[in-house]
Amino acid sequence: MTNYDFTTRPNRLGQDSVKWHKSENDPDLLQMWVADMDFLPLPHVKEALTAYAQHHVYGYSMVGDSLYQSIVDWEKNQHGYAIKKENIILIEGVVPAISVAIQALTQKEDAVLINTPVYPPFARTVRLNQRHLISNSLQEKDGLFVIDFEQLERDIVDNDVKVYVLCNPHNPGGRVWTKDELLKIGQLCKKHKVIVISDEIHQDLVLFGHQHHSFNTVSPDFREFSIILSSATKTFNIAGTKNSFVLIENPAIRKAFTKQQLANNQHEISTVGLISTEVALRQGENWLKELKSVLEENINYTVAFLTKNSKIRVMKPQGTYLVWLDFSAYDLTNEQIQEKLIKEAKIVLNDGLTFGSEGRYHARFNTATPLATVQEACQRIVTVFGK
Numbered sequence: 001m002t003n004y005d006f007t008t009r010p011n012r013l014g015q016d017s018v019k020w021h022k023s024e025n026d027p028d029l030l031q032m033w034v035a036d037m038d039f040l041p042l043p044h045v046k047e048a049l050t051a052y053a054q055h056h057v058y059g060y061s062m063v064g065d066s067l068y069q070s071i072v073d074w075e076k077n078q079h080g081y082a083i084k085k086e087n088i089i090l091i092e093g094v095v096p097a098i099s100v101a102i103q104a105l106t107q108k109e110d111a112v113l114i115n116t117p118v119y120p121p122f123a124r125t126v127r128l129n130q131r132h133l134i135s136n137s138l139q140e141k142d143g144l145f146v147i148d149f150e151q152l153e154r155d156i157v158d159n160d161v162k163v164y165v166l167c168n169p170h171n172p173g174g175r176v177w178t179k180d181e182l183l184k185i186g187q188l189c190k191k192h193k194v195i196v197i198s199d200e201i202h203q204d205l206v207l208f209g210h211q212h213h214s215f216n217t218v219s220p221d222f223r224e225f226s227i228i229l230s231s232a233t234k235t236f237n238i239a240g241t242k243n244s245f246v247l248i249e250n251p252a253i254r255k256a257f258t259k260q261q262l263a264n265n266q267h268e269i270s271t272v273g274l275i276s277t278e279v280a281l282r283q284g285e286n287w288l289k290e291l292k293s294v295l296e297e298n299i300n301y302t303v304a305f306l307t308k309n310s311k312i313r314v315m316k317p318q319g320t321y322l323v324w325l326d327f328s329a330y331d332l333t334n335e336q337i338q339e340k341l342i343k344e345a346k347i348v349l350n351d352g353l354t355f356g357s358e359g360r361y362h363a364r365f366n367t368a369t370p371l372a373t374v375q376e377a378c379q380r381i382v383t384v385f386g387k
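The sequence shown begins at 1 in full-length UniProt numbering and counts up by one.
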C-alpha cells in the first residue's frame, strides 16, 4: 500500500520550468533530461511553505539549531556518518560549493582532476576558475563504470594535481563506488597530498540493495583532506529552494572555505531553502522509501524494454534515477542521434557529449517520472531506434 501519489505527472508548462520550457511551443516534446523529478512534491514541504507564505514577513532569516540538528540526524541515521554542527556549512548549491572550494584551496593554473564522463558543471567550474583541468577517463566493465587506478595515479603525479572532484554516486551512469574503491582513492590522495571534494548529492538515491559510503566514513584520516557536499534538494525534488550543505572536519580547510564563501557573498540562504530542507529531512523518510521503489521499477522497465527492442546499450544505474544510453551501434554521428531524438522521437535527453568526450554517441535518460511516461518515452525511442 502506498501513501503518496507517484502516478500523477504534474503539468509544468507555464511555470518557467528549465526542464519543460522547450515544450511551451511544442507540446509534443517529452522532456526526459534535466535531473529533477516529475512527481508531486512531498506534502509536508508544500504545507510548510504554504504556512510560511501566509504568516511571515519575508525578511532575513537566521539558521536555527533545529535545521543543523536535522542534518546531523539524517547523516547519522541514513548513512552512519556522525558529524557535529560546527562541521556544517550551508550554501545555496553543490556546484557553487565546488567553485568556493577550488578558489579557496588552489591557485590559478593548479591542476584539478575529475572522472569523465561526468556532470557538465564539474569541467565548466574548473575552466572558468582558470585551473588546469585533468580528465581521468572512466572505463566500462561488465556494464558499469570503473576507475583505472594505475592511470589515476599517473594523472595525479604527472600533473601535480591539487584537488580531485569526486562524484559519488556518479552522474552519469549511477555508479555507487564501493568502500574498497573509495579506500583506494583516499589512499592515493593522501599519498600525493590531494584534497578531495566529494559531491554526494545523490547519496540518498542509492538503489537495488547497494550502499552509499560517504568518503569520510571510509577511513578516519580521510577527514583531514576532504570536503563533503550534499543536499536534500535532489532527494526530495526541491532544487529550486536552493540550499545545500558542506561537511568539513579539518578546521584549516573549513576556515579557508568559509573565508572564500564570505568574500563571494555566498553565505546567505533563502528562507524557503532553510524551511524546505528541515521539513524534508525530518518528515520525508517514508516518502523517500516509496520513491526509491518507484525508481527501481522505472529503471528495470527502461533497461529491459530498450535492451529487448533496440541496439541501444543501457547502463543500469546502482543509484540516481539517470540511465546512460549508448547509441554507438547505429551508424550515426552524435549530432544525428540528437536530431533524431528531438525531431523524430520528439523526446529530449541530455546529450552525452556535454559530459565529456567519452559521452559521444550517448545520452542521459531521466526516469524520475510516472511509469506511464517512462513507457511512452521508451516506445518513442524504439520507434525511431529499433533493431
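Think of the CB as a built atom: it goes at the ideal place given N, C-alpha and C, for glycine as much as any other residue.
Remember, predicted model here, so these are calculated numbers, not experimental data.
Query - Where Pro-301 sits in the DSSP three-state scheme - result: As a working note, residue 301 is residue 301 in the sequence shown. Pro is not the amino acid found at residue 301; the sequence shown has Tyr there. Tyr-301 sits in a helix when the DSSP states are folded into three classes.
Query raised in the report: Would Gly-284 count as contacting chain D if we go by Cβ distances under 7 Å?
Result: Checking the listed chains, one finds no chain D in this structure; it contains a single protein chain.
Report task. Could you check which residue in Leu-182, Lys-84, Asn-171 has the C-alpha nearest to that of Phe-365? Result -> Here residue 365 corresponds to residue number 365 of the sequence shown, with the count starting at 1. Ranking Leu-182, Lys-84, Asn-171 by Cα distance to Phe-365 puts Asn-171 first.
Query raised in the report: Is any heavy atom in the ligand NAD found nearer than 6 Å to the beta carbon of Phe-225?
Result: Among the components of this structure there are no ligands whatsoever, and the ligand NAD is therefore not found.
**Report entry** Separation of Asp-26 from Met-315, as counted between CA atoms
**Finding:** Numbered from its first residue, the sequence shown carries residue 315 at position 315. Numbered from its first residue, the sequence shown carries residue 26 at position 26. Approximately 30 Å between the Cα atoms of the pair.
Query - Opening and closing residue of the beta strand (DSSP E) in which Thr-116 lies - result: Here the question's residue 116 lines up with position 116 in the sequence shown. Looking at the DSSP string, the run of the beta strand (DSSP E) that includes Thr-116 is 111-116.
**Report entry** Local Cβ density within 10 Å of Gln-211, reported as buried at 16 or more and exposed below that
**Finding:** Residue numbering aside, residue 211 sits at position 211 when the sequence shown is read from its first letter. Per the 10 Å Cβ criterion, exposed.
Requested in this report: Taking Leu-183 as the reference, give the member of Ile-88, Val-218, Phe-145 with the closest Cα.
Outcome: Along the sequence shown, one-based indexing puts residue 183 at 183. Nearest of Ile-88, Val-218, Phe-145 to Leu-183, Cα basis: Val-218.
Requested in this report: Using beta-carbon positions only, say whether Ser-276 and Val-45 come within less than 7 Å of one another.
Outcome: For the purposes of this step, residue 276 is identified with residue 276 of the sequence shown, where counting begins at 1. For the purposes of this step, residue 45 is identified with residue 45 of the sequence shown, where counting begins at 1. Yes, the pair counts as a contact, with Cβ atoms nearer than the cut-off.
Query raised in the report: Thinking just about the alpha-carbon of each residue, which of Ala-82, Tyr-81, Arg-175, Lys-76 is nearest to the one in Pro-117?
Result: In the sequence shown, residue 117 corresponds to position 117, counting from 1. Comparing Cα positions, the closest option is Arg-175.
Query raised in the report: Which term fits Glu-278, buried or exposed, when burial requires 16 or more other beta carbons within 10 angstroms of its beta carbon?
Result: Within the sequence shown, numbered from 1, the residue matching residue 278 stands at position 278. Glu-278 is buried by the Cβ-count criterion.
Query raised in the report: Taking contact to mean at least 3 C-beta pairs separated by less than 8 Å, is the region 54-74 in contact with the region 377-384?
Result: Contact check between the region 54-74 and the region 377-384: fewer than three CB pairs, one atom from each, fall below 8 Å, which does not count as touching.
Query - Under the three-state DSSP convention, the category Asp-326 falls into - result: As a first step, residue 326 must be located in the sequence shown, where it is residue number 326. Strand, per DSSP.
**Report entry** Ser-198 and Val-94 closer than 7 Å at C-beta
**Finding:** If you number the sequence shown from 1, residue 198 lands on position 198. If you number the sequence shown from 1, residue 94 lands on position 94. Judged by their CB atoms, Ser-198 and Val-94 are not nearer to each other than the 7 Å cut-off.
**Report entry** First and last residue of the uninterrupted alpha helix (DSSP H) at Lys-259
**Finding:** Here residue 259 refers to the residue found at position 259 when the sequence shown is read from its first residue. 251-263 is the extent of the alpha helix (DSSP H) around Lys-259.
Query raised in the report: Between Leu-152, Lys-292, Phe-245, Leu-281, which lies nearest to Leu-90 when the distance is taken from Cα to Cα?
Result: One-based indexing of the sequence shown puts residue 90 at position 90. Taking only the C-alpha atoms, the option nearest Leu-90 is Phe-245.
Query raised in the report: So which of Phe-222, Ile-88, Asp-38 has the shortest CA-CA distance to Phe-6?
Result: For the purposes of this step, residue 6 is taken as the residue at position 6 of the sequence shown. Out of Phe-222, Ile-88, Asp-38, Asp-38 has the C-alpha closest to the C-alpha of Phe-6.
Query raised in the report: Going by other Cβ atoms of all chains shown within 10 Å of its Cβ, with 16 needed for buried, is Asn-168 buried or exposed?
Result: The residue given as residue 168 occupies position 168 in the sequence shown. Counting C-beta atoms within 10 angstroms of its own C-beta, Asn-168 has 16 or more neighbours from the protein chains shown and is therefore classed as buried.
Requested in this report: Check whether the region 245-256 touches the region 96-107, counting contact only when three or more Cβ pairs, one atom from each stretch, lie closer than 8 Å.
Outcome: Taking 8 Å as the limit for Cβ pairs, the verdict is that the region 96-107 does touch the region 245-256.
Query raised in the report: Since Leu-207 contacts Gln-318 with CB under 8 Å, what's their CB separation in whole angstroms?
Result: Reading the sequence shown from its first residue, position 207 is the one you call residue 207. Reading the sequence shown from its first residue, position 318 is the one you call residue 318. Rounded, the Cβ-Cβ distance is 7 Å, consistent with contact.
Report task. At 3 residues or longer, and completely inside the region 112-186: list those beta strand (DSSP E) runs for me, N to C. Result -> The DSSP assignment places complete beta strand (DSSP E) segments of no fewer than 3 residues inside the region 112-186 at 132-137, 139-141, 144-146, 161-167, in order along the chain.
Report task. Note down the Cα distance separating Glu-285 from Ala-239, rounded to an integer number of angstroms. Result -> Along the sequence shown, one-based indexing puts residue 285 at 285. Along the sequence shown, one-based indexing puts residue 239 at 239. Cα atoms of Glu-285 and Ala-239: separation of roughly 18 Å, rounded to the nearest angstrom.
Query - Enclosing alpha helix (DSSP H) for Ser-66 [first to last residue] - result: Stepping through the sequence shown from its first residue, residue 66 is reached at position 66. Note, Ser-66: alpha helix (DSSP H), 65-79.
**Report entry** Inter-residue Cα distance where the pair is Leu-13 and Leu-30
**Finding:** Sequence index remark: in the sequence shown, residue 13 carries index 13 (1-based). Sequence index remark: in the sequence shown, residue 30 carries index 30 (1-based). Taken atom to atom, the span from the alpha-carbon of Leu-13 to that of Leu-30 is near 12 Å.
Report task. Would you tell me roughly how many angstroms separate the C-alpha atoms of Phe-122 and Val-165, rounded to the nearest one? Result -> Translated into the one-based positions of the sequence shown, residue 122 becomes position 122. Translated into the one-based positions of the sequence shown, residue 165 becomes position 165. Straight-line spacing of the CA atoms in Phe-122 and Val-165 works out to 8 Å.
**Report entry** Run of the beta strand (DSSP E) containing His-362, from where it starts to where it stops
**Finding:** Walking along the sequence shown from the start, residue 362 turns up at place 362. Its beta strand (DSSP E) spans residues 362-366.
**Report entry** Other residues of its chain near Glu-24: CB distance less than 7 Å, five sequence neighbours each side excluded
**Finding:** Start at 1 with the first residue of the sequence shown, and residue 24 comes out as number 24. Leu-13, listed in sequence order.
Query - Buried or exposed (CB count within 10 angstroms, at least 16 for buried), Asp-351 - result: For the purposes of this step, residue 351 is identified with residue 351 of the sequence shown, where counting begins at 1. By the neighbour-count rule (16 or more Cβ atoms within 10 Å), Asp-351 is buried.
Query raised in the report: Looking at the structure shown, is Gln-379 part of a helix, part of a strand, or coil, going by DSSP?
Result: Along the sequence shown, read from residue 1 onward, the residue named residue 379 stands at position 379. Helix, per DSSP.
Query raised in the report: Between Glu-376 and the rest of its own chain, which residues show a CB-CB distance below 8 Å, the 5 nearest in sequence each way excluded?
Result: Looking up residue 376 in the sequence shown gives position 376. Sequence-distant Cβ neighbours of Glu-376 in its own chain, meaning closer than 8 Å and more than five residues away, are Leu-30.
Report task. Rounded to whole angstroms, what's the CA-CA distance from Ala-241 to Asp-331? Just pull it up for me. Result -> Here residue 241 refers to the residue found at position 241 of the sequence shown. Here residue 331 refers to the residue found at position 331 of the sequence shown. The amino acid occupying residue 241 in the given sequence is Thr; Ala does not appear at that position. Just so you know, the alpha carbons of Thr-241 and Asp-331 end up roughly 43 Å apart.
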